[in-house]
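Participant: Numbering (my numbering), first residue to last: 22 to 352.
Right, dumping it as structure tokens:
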């Protein structure tokens, strides 16, 4: 049960620094507490843990325009951040993890501006079926965070300019473009602004959790650890990974997300595996790579290996991946 709440508001607009603080706060969260972290990135595309950076983002155009590419720990899809967007993160121990309660803080805060929000789909908050907040989730060693965007006055032209959203994904959402699917809260209430929204979120946080949040002082943060984490998030290895020449590539969009599996074959075995996905489960790529590497390149062997993931991957996702493998014309 949560009996203590704390809050930290970043004064940086650098995505690598802000993601480093987020991960550090996850290390700090204690039993029975919830930390609310508020932060903003300047002119940044943030991609999900398992996404292909070069496919999801027009990186050359973004860099030429002075923007930054960042990769987060959580799964899900790519988003555009500027100073018209406010990010929130709820950090808790796993036993206290409650997405509905956490989202109710956002919903309650927006009521102060006369806006009625609701959760839709797998990870969105919408008003009148138009998305203003996308959410993603991360679990590690008994600690969890849930973070998301709140689009207040974002440059939607830039969102379209830098994000490469697949036609299959747009079709699955029933829209013609990413721009047509989202809404700035400023469009719904012209008086809303980021400072007032921060105050409303802190007030709602106290109301929902029944405890006045304490501010986390900078002296409680380990600056050396944050510096190391910041270097990781800014590294080419983290952002782009390594390139792999694939002998076989399999891709499909499912209800739970899009997945691409690339296999490099040597002799009669799978020598290397690369997985890209916007699935909310951030472990999906790591599990598939570990499961398939070294397996004989035979349908029966691959399916048997995948069935070893029962209980680790969601049943629907595992069944879909097995079906994707089985329906290839190479067998």
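Even glycine gets a Cβ: it sits at the ideal position worked out from N, Cα and C.
Along the alpha helix (DSSP H) that carries residue 245, what are the first and last residues, could you check?
Facilitator: What you label residue 245 is simply residue 224 of the chain shown in a count that begins at 1. It spans 244-255 - the alpha helix (DSSP H) in which residue 245 sits, taken as one unbroken run.
Participant: Residue 338 by DSSP, collapsed to three states: which one?
Facilitator: Locating residue 338 in the chain shown gives position 317, counting from the first residue. The answer is helix: DSSP assigns residue 338 an H, G or I state.
Participant: Quick one: Cα of residue 220 to Cα of residue 267, how far?
Facilitator: For the purposes of this step, residue 220 is identified with residue 199 of the chain shown, where counting begins at 1. For the purposes of this step, residue 267 is identified with residue 246 of the chain shown, where counting begins at 1. So the two alpha carbons sit approximately 50 Å from each other.
Participant: How many Å lie between residue 32 and residue 215 at the Cα?
Facilitator: In the chain shown, counting from the first residue as 1, residue 32 sits at position 11. In the chain shown, counting from the first residue as 1, residue 215 sits at position 194. About 13 Å.
Participant: Just the C-alpha distance for residue 108 and residue 61, rounded to the nearest angstrom, thanks.
Facilitator: In the chain shown, counting from the first residue as 1, residue 108 sits at position 87. In the chain shown, counting from the first residue as 1, residue 61 sits at position 40. Rounded to whole angstroms, residue 108 to residue 61 spans 6 Å at the Cα level.
Participant: Need the endpoints of the alpha helix (DSSP H) that residue 38 sits in, please.
Facilitator: The residue you call residue 38 lines up with position 17 of the chain shown. That run of the alpha helix (DSSP H) goes 36-49.
Participant: Give me, in chain order, the residues of the same chain whose beta-carbon lies closer than 7 Å to that of residue 326; leave out the 5 immediate sequence neighbours on both sides.
Facilitator: Mapped onto the chain shown, residue 326 falls at position 305. Hits under 7 Å: 312, 313, 316.
Participant: What is the rounded straight-line gap between the Cα of residue 55 and the Cα of residue 350?
Facilitator: Here residue 55 refers to the residue found at position 34 of the chain shown. Here residue 350 refers to the residue found at position 329 of the chain shown. Cα to Cα, the separation comes out at about 50 Å.
Participant: What does DSSP give as the partner residues of residue 59 in its beta bridges?
Facilitator: Residue numbering aside, residue 59 sits at position 38 when the chain shown is read from its first letter. 30, 109.
Participant: Tell me which residues share the same chain as residue 258 and place their Cβ nearer than 6 Å to its Cβ, disregarding the 5 neighbours each side in the sequence.
Facilitator: Taking the first residue of the chain shown as position 1, residue 258 is located at position 237. Around residue 258: no qualifying Cβ.
Participant: For the alpha helix (DSSP H) holding residue 220, just list the boundary residues, first then last.
Facilitator: Reading the chain shown from its first residue, position 199 is the one you call residue 220. Taken as a continuous stretch (DSSP letters only), the alpha helix (DSSP H) holding residue 220 covers 215-230.
Participant: Roughly how many angstroms lie between the CA atoms of residue 99 and residue 172, to the nearest whole one?
Facilitator: Counted from its first residue, the chain shown places residue 99 at position 78. Counted from its first residue, the chain shown places residue 172 at position 151. Distance between the alpha carbons of residue 99 and residue 172: 14 Å.
Participant: How far does the alpha helix (DSSP H) with residue 312 in it reach, from first residue to last?
Facilitator: On the chain shown, residue 312 is found 291 positions in, with the first residue counted as 1. Taken as a continuous stretch (DSSP letters only), the alpha helix (DSSP H) holding residue 312 covers 305-313.
Participant: When DSSP labels each residue in this structure, what does residue 72 get in the three-state scheme?
Facilitator: The residue given as residue 72 occupies position 51 in the chain shown. Residue 72: coil per DSSP, three-state reduction.
Participant: Could you say if the region 233-241 and the region 24-41 meet the contact criterion of at least three C-beta pairs nearer than 8 Å?
Facilitator: As far as the Cβ criterion goes, the region 233-241 touches the region 24-41, which means the pair count is three or higher.
Participant: Could you tell me the boundaries of the beta strand (DSSP E) in which residue 295 lies?
Facilitator: Numbered from its first residue, the chain shown carries residue 295 at position 274. Unbroken beta strand (DSSP E) run through residue 295: 290-298.
Participant: Please name the residue in 150, 287, 117 whose C-alpha comes closest to that of residue 141.
Facilitator: Locating residue 141 in the chain shown gives position 120, where the first residue counts as 1. Closest by alpha carbon: 150.
Participant: Put residue 98 into one of helix, strand or coil per three-state DSSP.
Facilitator: For the purposes of this step, residue 98 is identified with residue 77 of the chain shown, where counting begins at 1. Residue 98: coil per DSSP, three-state reduction.
Participant: From the DSSP output, in three-state form, read off residue 236 for me.
Facilitator: As a working mapping, residue 236 is identified with position 215 in the chain shown. Strand at residue 236.
Participant: Do the region 166-181 and the region 205-215 touch if we need at least three Cβ pairs shorter than 8 Å?
Facilitator: Output reads yes: the region 205-215 touches the region 166-181.
Participant: So, helix, strand or coil for residue 120, using DSSP?
Facilitator: Mapped onto the chain shown, residue 120 falls at position 99. Helix, per DSSP.
Participant: Since residue 130 contacts residue 144 with CB under 8 Å, what's their CB separation in whole angstroms?
Facilitator: Locating residue 130 in the chain shown gives position 109, counting from the first residue. Locating residue 144 in the chain shown gives position 123, counting from the first residue. So it is not a contact: roughly 18 Å between Cβ atoms.
Participant: What span of residues does the beta strand (DSSP E) with residue 133 cover, start to end?
Facilitator: As a position in the chain shown, residue 133 is number 112, starting the count at 1. Segment: none, residue 133 is in no beta strand (DSSP E) and carries neither H nor E.
Participant: Under the rule that 16 or more other beta-carbon atoms within 10 Å means buried, what is residue 38, buried or exposed?
Facilitator: Along the chain shown, one-based indexing puts residue 38 at 17. Counting Cβ neighbours within 10 Å, residue 38 comes out buried, since at least 16 surround it.
Participant: Once the 5 residues before and after residue 94 are set aside, which same chain residues still bring their CB inside 7 Å of it?
Facilitator: In the chain shown, residue 94 corresponds to position 73, counting from 1. Contacts found: 44, 70, 159, 303.
Participant: Over the uninterrupted alpha helix (DSSP H) stretch that includes residue 286, give me the two end residues.
Facilitator: Taking the first residue of the chain shown as 1, we reach residue 286 at position 265. Where residue 286 is concerned, there is no enclosing alpha helix (DSSP H), although the beta strand (DSSP E) it sits in stretches over 278-287.
Participant: The alpha helix (DSSP H) spanning residue 326 covers which residue range?
Facilitator: Along the chain shown, read from residue 1 onward, the residue named residue 326 stands at position 305. Where residue 326 is concerned, the enclosing alpha helix (DSSP H) stretches over 320-328.
Participant: With a CB to CB cut of under 6 Å and the five nearest residues on each side skipped, what residues in its chain are close to residue 273?
Facilitator: Counting from 1 along the chain shown, the entry for residue 273 is found at position 252. Same-chain partners within the cutoff: 345.
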